[in-house]
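Residue 244 is where the sequence shown starts when you use the numbering used here, and the numbers rise one by one after that.
In this text, a Cβ means the ideal position worked out from N, Cα and C, and glycines have one as well.
The structure presented is a predicted model; accordingly, all values stated were derived computationally and were not measured.
Presented below is the structure to which this report refers.
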Amino acid sequence: VGAPAYAGVFSAWCDLRELVPYAFGYMMAAKVGTGIVAELGSMRISDEIDALEVMGINSITFLCATRLLAAWMVLPFMYIAAVGAGFFASYLAVVQQIGEVSSGGFFLIFWMFQNPPDLLYSVIKGMAMATVIVLVGCYYGYNASGGPVGVGTATAKSMVMNIVLVHLIGMLGTQLFWGANPRAPIGG
Numbered sequence: 244v245g246a247p248a249y250a251g252v253f254s255a256w257c258d259l260r261e262l263v264p265y266a267f268g269y270m271m272a273a274k275v276g277t278g279i280v281a282e283l284g285s286m287r288i289s290d291e292i293d294a295l296e297v298m299g300i301n302s303i304t305f306l307c308a309t310r311l312l313a314a315w316m317v318l319p320f321m322y323i324a325a326v327g328a329g330f331f332a333s334y335l336a337v338v339q340q341i342g343e344v345s346s347g348g349f350f351l352i353f354w355m356f357q358n359p360p361d362l363l364y365s366v367i368k369g370m371a372m373a374t375v376i377v378l379v380g381c382y383y384g385y386n387a388s389g390g391p392v393g394v395g396t397a398t399a400k401s402m403v404m405n406i407v408l409v410h411l412i413g414m415l416g417t418q419l420f421w422g423a424n425p426r427a428p429i430g431g
């Protein structure tokens with residue numbers, strides 16, 4: 244029926260709107276979020292945070308705000324790189340591995356169904372996930388107690404919370420950006 248020729252549609256829409264934001268959120272939660280919890284938690288149980296406060300340094304600003312600012316500076320570029328990697332992986336899977344469509348045919352359909360607002364909305368969705376992940380990591384790490392076991396427990400709790408929040412933000416972002424108007428030029 245000619246459906247394989249339209250494989251680029253799924254790469255254009257599914258990768259950008261859903262697959263990359265969720266994969267980015269999972270990786271951020273697993274690597275960055277838990278790393279922040281472990282780092283701040285170990286600082287908390289070894290009294291390094293208390294030492295900062297004794298020296299008159301606002302520990303929340305010094306430890307948490309700087310991590311959030313660093314995330315905001317770096318992660319948009321990392322997210323765009325993740326989008327590019329996702330598109331390249333889709334191309335390899337559809338054109339090179341499955342082989343049902345030519346390279347030119349894939350890119351014709353792929354670019355026909357791309358639009359700048361989708362990229363902008365996807366970046367906003369990914370950055371909302373990243374912001375929440377960093378904030379959750381800072382909260383659980385800053386409030387860790389109970390020695391190394393407490394830090395491990397805080398890390399596990401933050402991971403669970405981050406996965407739930409990634410799904411909630413993903414769902415809300417999809418409804419907000421594409422719920423009323425999916426911008427799908429298919430049909431009459």
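Residue range of the alpha helix (DSSP H) that includes R260 = For R260, there is no enclosing alpha helix (DSSP H), as DSSP marks it with neither H nor E.
What is the residue span of the alpha helix (DSSP H) that R287 lies within?
-> Unbroken alpha helix (DSSP H) run through R287: 277-288.
Grab me the residues of M271's own chain with a C-beta within less than 7 Å of its C-beta, minus the 5 sequence neighbours each way, in chain order.
-> Closer than 7 Å at Cβ, skipping near neighbours: M372, A373, I376.
Would you call the CB atoms of A397 and G284 closer than 7 Å?
-> Cβ distance < 7 Å, so A397 and G284 count as in contact.
Is I412 near the ligand FAD, with its Cβ less than 6 Å from a heavy atom?
-> Looking for the ligand FAD in the displayed structure turns up nothing, as the structure carries no ligands at all.
A328, buried or exposed, once every other Cβ within 10 Å from all chains shown has been counted against 16 = A328 comes out exposed.
6 Å Cβ shell around G416 - same chain, five flanking residues per side excluded = Here the set comprises K368.
Between which two residues does the alpha helix (DSSP H) containing C381 stretch?
-> Here the alpha helix (DSSP H) through C381 covers 359-385.
Nearest-angstrom Cα separation, counted from L363 out to Y334 = Inter-residue distance for Y334 and L363 is about 21 Å (C-alpha atoms, whole angstroms).
Buried versus exposed call for L408 [16 or more other C-beta atoms within 10 Å across all chains shown] = Buried: at least 16 other Cβ atoms inside 10 Å.
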